[in-house]
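Comments concern the structure below.
Protein chains: 2
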Amino acid sequence: MVSNVFSSVLPPNWVDVWPSIPYVLAETPEADYGSFVLAGVLLTLVVIYTMSKLGGELSKRLDLPPVLGELVGGVIIGISALHLLVFPETGAAADSVVMSVLQWLGNLDGEAVAHIFASQSEVIEVLAELGVIVLLFEIGLESDLRELTKVGYQAAVVAVVGVAAPFMLGTVGLVMLFHVPVIPAIFAGAALTATSIGITSKVLSELGHLKSTEGQIIVGAAVIDDVLGIIVLAVVASLAKTGEVDLMNVVYLIISASAFLIGSILLGKFFNQSFEAIASKLQTRGALLIPAFTFALVMAFLANVIHLEAILGAFAAGLVLDETDRRKELDQQVMPIADILVPIFFVTVGAKADLSVLNPAVAENRAGLIIASFLIAVAIVGKLVTGWAVFGKPGVNRLAIGIGMIPRGEVGLVFAGIGAASGVLSKPLEAAIIVMVILTTFLAPPLLQWALKGQPATTPEPTLSVK
Amino acid sequence: MVSNVFSSVLPPNWVDVWPSIPYVLAETPEADYGSFVLAGVLLTLVVIYTMSKLGGELSKRLDLPPVLGELVGGVIIGISALHLLVFPETGAAADSVVMSVLQWLGNLDGEAVAHIFASQSEVIEVLAELGVIVLLFEIGLESDLRELTKVGYQAAVVAVVGVAAPFMLGTVGLVMLFHVPVIPAIFAGAALTATSIGITSKVLSELGHLKSTEGQIIVGAAVIDDVLGIIVLAVVASLAKTGEVDLMNVVYLIISASAFLIGSILLGKFFNQSFEAIASKLQTRGALLIPAFTFALVMAFLANVIHLEAILGAFAAGLVLDETDRRKELDQQVMPIADILVPIFFVTVGAKADLSVLNPAVAENRAGLIIASFLIAVAIVGKLVTGWAVFGKPGVNRLAIGIGMIPRGEVGLVFAGIGAASGVLSKPLEAAIIVMVILTTFLAPPLLQWALKGQPATTPEPTLSVK
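Protein chains in written order, with numbering that gives the first Met the number 0: chain A, 0 to 466; chain B, 0 to 466.
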């Protein structure tokens with residue numbers, strides 16, 4: 000034995016000591032599950048990216064916002080159609096095509112599949128949540144606070160009316176007409192408040208109206224709307240968690256959400272200096288990105304901990320870091336991260352929405368369909384009226400302003416996604432919100448073109464800084 | 000009632016239909032867990048990024064590779080010390096400081112904490128796995144296949160000896176001297192084969208020796224070593240999964256791993272053209288990144304499915320895309336993603352390693368300590384001998400070449416991480432490998448400086464393209 004050579008350096012009883020250290024060969028099935036969970040996540044991500052790109056590119060070709068195609072792509076692979084991407088809340092492991100593929104590849108039993116399905120779904124859901132956190136961080140980074148002070152009272156009034164009118168109409172209507180319980184009604188009402196500026200500003204720009212009075216009011220109002228909408232969402236989501244609507248609670252939540260946002264922006268001025276000092280001292284890779292990303296995660300965690308929404312924190316972090324000198328560089332580094340995480344969110348929202356509950360062929364679905372129609376009507380009317388909130392501008396095209404505020408886009412989807420995750424929305428209500436987002440986003444561009452027809456264009460604006 | 004207004008558009012029995020749609024208010028605790036799982040993931044990521052930056056920056060200041068600091072940072076917050084980052088395999092939920100914080104914040108009971116702990120650990124583990132996949136994808140992207148053909152026979156011989164010698168010495172030694180079972184012994188032997196070129200090329204560059212004969216041989220051998228090492232890892236990890244070492248299996252695995260790598264590179268030429276065609280046609284965000292990333296995930300999935308390692312697929316994908324014309328652009332977009340995902344892997348490897356099993360004060364640990372010392376000795380000797388494998392270069396500094404191959408760096412950690420995840424390594428063996436990686440990486444720079452002392456520098460090379 001060669002071991003004799005080593006006998007002088009080893010303790011005399013080392014062979015006896017040795018067996019006490021366990022050298023168990025992977026008998027735990029957990030380790031094997033892990034490899035399948037990873038395989039499930041990889042396959043699911045491939046499906047998500049493929050559909051998001053197919054949908055997004057098709058949308059783009061049709062002159063619609065790519066996010067709409069990503070959402071529809073999600074619907075197609077989700078519970079409503081192909082069952083490539085399903086979640087434990089909406090179906091069993093046996094419903095998932097990805098799980099069937101893994102089961103076939105790995106020759107797995109039912110118990111193993113159930114375990115792997117639960118784990119990989121959890122991972123995809125957290126990735127989707129990280130996606131919406133990064134999305135709001137990016138929106139915050141791109142929102143310029145100084146712009147907010149410039150857009151003036153007109154835009155502020157339009158924004159407030161555009162949040163209040165659909166919220167009130169939607170919530171009160173759902174409760175009074177359809178006897179929907181208060182909390183889901185409030186959530187659905189809140190989902191009506193969002194405004195997505197991307198699609199409108201693109202149409203305005205193409206028609207040469209972005210710098211017109213109407214264009215400036217719409218863009219300004221949409222920026223303010225982002226801030227108001229996120230406060231509304233934080234308040235409503237928190238109500239959904241506690242399940243109670245008492246006035247004190249609402250007042251507390253509105254104050255805490257506003258205080259959180261305003262407070263972090265004010266404290267942000269000081270933080271910004273430390274941030275830049277830290278980032279400039281770091282010499283390893285990710286010197287700018289990691290502190291910024293960590294800051295966004297800390298803010299998201301804090302907002303989550305004080306019972307607001309994680310995305311409120313991420314948005315506040317973005318607003319704060321928007322003020323740094325190295326914003327452009329940061330923007331550029333956050334973009335690839337958003338590119339890979341945000342589609343997971345949009346596709347997941349689509350995949351979870353069970354649109355079959357709105358199938359008109361089934362008699363029980365009629366009530367849900369009527370609610371969906373009601374929501375769409377309120378979504379349009381509630382924003383249309385904002386045009387008449389403009390004061391002191393006699394010649395302004397009030398109809399165009401109202402139409403410009405109609406598309407809900409990605410912000411509406413954030414509401415639907417958070418609502419579905421919190422479990423507060425019934426399936427028909429969730430599906431109705433998704434359909435509302437799709438329709439308002441589809442309808443706005445042709446309506447806007449029609450409303451602006453014959454109106455002379457101002458100077459065209461080829462490059463767009465507003466999202 | 001206002002509802003009368005709508006009675007004409009509603010079916011007469013709509014109020015009866017309505018209650019059949021469930022409007023259950025989130026009574027499911029799952030939804031609440033979800034919020035805490037997200038909070039746990041956010042807090043864990045904040046801890047990981049903070050420690051990885053602290054460790055990485057400190058390392059950099061000490062002229063050591065940042066990855067070493069990230070690893071040590073992981074050890075500090077992991078099971079060995081602060082218990083900020085622990086996993087179900089290495090400890091209970093009660094051991095986790097992050098879980099205690101969540102429990103205190105959310106007033107959770109033990110069952111809820113156990114559930115949240117399991118879920119958030121699963122998410123962090125998959126993020127770490129995605130991290131190592133992105134790392135290997137990036138290494139593949141940065142490895143130039145054309146360089147491989149240029150470095151010549153000298154480098155190839157050094158690489159093969161540098162893989163074979165430590166593998167043989169380590170595996171045979173562990174089995175013969177320490178009666179370690181064959182599979183863990185093979186895995187530990189394989190972990191000794193890695194070479195990390197980063198640290199050596201930096202020292203060589205600082206001393207002005209990067210373009211010397213020694214420098215060229217070391218760099219070339221390390222590039223070949225990367226490829227050989229990943230094949231060895233894929234084979235060994237697959238052996239660990241089946242738990243059997245029969246010759247046919249080994250031969251099959253070596254052939255399939257090599258065929259996978261070579262096959263994908265050959266097919267890659269065709270794929271590259273389709274890839275560029277697709278990427279140039281896409282008009283939405285992530286037009287270059289998403290197809291590339293999806294390709295890497297598909298390859299990782301395929302490698303996983305044919306019982307090799309996911310990272311082999313990601314590495315092959317990187318090698319293939321390295322040939323595209325848009326490589327630089329892609330590199331730049333993959334970098335931020337690597338910046339946020341890769342540290343999760345390195346810190347997790349450190350956090351999972353229980354170095355307390357090497358505490359010399361405890362008598363039972365002595366056998367483990369002796370094995371660790373043996374591994375370190377083999378790690379150094381097995382690479383030192385490579386210098387004497389160089390032929391036909393009489394004046395060459397063989398000692399310097401041998402020393403230059405010693406540091407294991409991030410590649411050694413990939414072995415340790417995969418080994419720990421597969422469950423095949425005992426705790427002392429895992430800890431021994433981590434200590435081996437740390438020590439070899441620490442020791443190489445001063446030894447190399449000493450070996451090259453007095454030798455005239457060739458032209459200095461300030462910029463470095465090799466990682």
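Think of the CB as a built atom: it goes at the ideal place given N, C-alpha and C, for glycine as much as any other residue.
Interface residues of chain A facing residue i [CB-CB closer than 7 Å]
i	result
Leu44/B	Leu296
Glu205/B	Going along chain A, no residue has its Cβ under 7 Å from Glu205/B, so there is no contact; the nearest lies around 15 Å.
Pro335/B	Leu288, Gln332, Pro335, Ile336
Asn248/B	Going along chain A, no residue has its Cβ under 7 Å from Asn248/B, so there is no contact; the nearest lies around 15 Å.
Glu110/B	What Glu110/B touches in chain A: nothing, since even the nearest Cβ is about 16 Å away.
Residue i to residue j span [Cα, whole Å]
i	j	result
Val234/A	Ala256/A	7 Å
Gly72/B	Leu53/B	7 Å
His306/A	Leu126/A	21 Å
Glu328/A	Ile336/B	15 Å
Leu57/A	Gly262/B	33 Å
Leu232/A	Ala189/A	7 Å
Glu275/B	Asp330/B	15 Å
Gly411/B	Ile123/B	21 Å
Phe269/A	Pro290/A	15 Å
Val1/A	Met175/B	The predicted position of Val1/A is uncertain, since its pLDDT is 36 and thus under 50; a value taken from the coordinates is nonetheless stated next. Cα to Cα, Val1/A sits roughly 7 Å from Met175/B.
Ala220/B	Leu354/A	58 Å
Ile433/B	Thr283/A	22 Å
Val443/B	Ser195/B	Here the sequence assigns Ala to residue 443/B, which means Val is not the residue at that position. Rounded to the nearest angstrom, the two C-alpha atoms are 11 Å apart.
Glu213/B	Ala366/B	38 Å
Gly90/B	Trp103/A	33 Å
Val171/A	Val179/A	10 Å
Ile370/A	Leu135/B	51 Å
Val356/B	Val333/A	41 Å
Ile75/A	Lys240/A	30 Å
Residue i: contacting residues in chain A (beta-carbon distance under 8 Å)
i	result
Lys201/B	Simply none; closest approach about 13 Å.
Val235/B	Correct list: empty, because the minimum Cβ distance to chain A is about 13 Å.
Under 7 Å by beta carbon: chain B residues contacting residue i
i	result
Asp338/A	Arg284, Gly285, Leu288, Ile289
Ala431/A	The contacting residues do not exist; Ala431/A stays about 11 Å from chain B at best.
Ala299/A	Leu41
Interface residues of chain B facing residue i [CB-CB closer than 9 Å]
i	result
Tyr48/A	Gly285, Ile289, Pro290, Phe292, Thr293, Leu296
Pair within 9 Å by beta-carbon distance, residue i and residue j
i	j	result
Ala278/A	Leu266/A	no
Val45/A	Val97/B	no
Ile223/A	Val159/A	yes
Leu260/B	Ala315/B	yes
Ala378/B	Gly68/B	no
Val413/B	Ile400/B	no
Ala419/A	Glu429/A	yes
Val395/A	Ile217/A	no
Ser425/A	Pro183/A	yes
Leu129/A	Val40/B	yes
Gly109/A	Ala92/A	yes
Arg407/B	Val384/B	no
Ser118/B	Val202/B	no
Gly416/B	Val304/B	no
Ala352/A	Ser79/A	yes
Asp321/A	Asp143/A	yes
Gly317/B	Glu141/B	yes
Continuous alpha helix (DSSP H) stretch holding residue i: start and end
i	result
Asn248/A	246-280
Thr440/A	426-450
Leu354/B	Counting along the chain, Leu354/B falls outside any alpha helix (DSSP H), and DSSP gives it neither H nor E.
Thr537/A	Residue 537/A falls outside the range modelled here, since chain A spans only 0 to 466, and no answer is possible.
Ser99/B	96-105
Arg365/B	365-383
Gly453/A	Counting along the chain, Gly453/A falls outside any alpha helix (DSSP H), and DSSP gives it neither H nor E.
Arg397/A	397-403
Asn303/A	288-304
Thr170/A	151-177
Phe186/B	181-190
Contact set between residue i and chain B, taken where Cβ atoms lie within less than 8 Å
i	result
Phe59/A	The residue asked about is misnamed: residue 59/A is Lys in this sequence, not Phe. Result: Gln282, Thr283.
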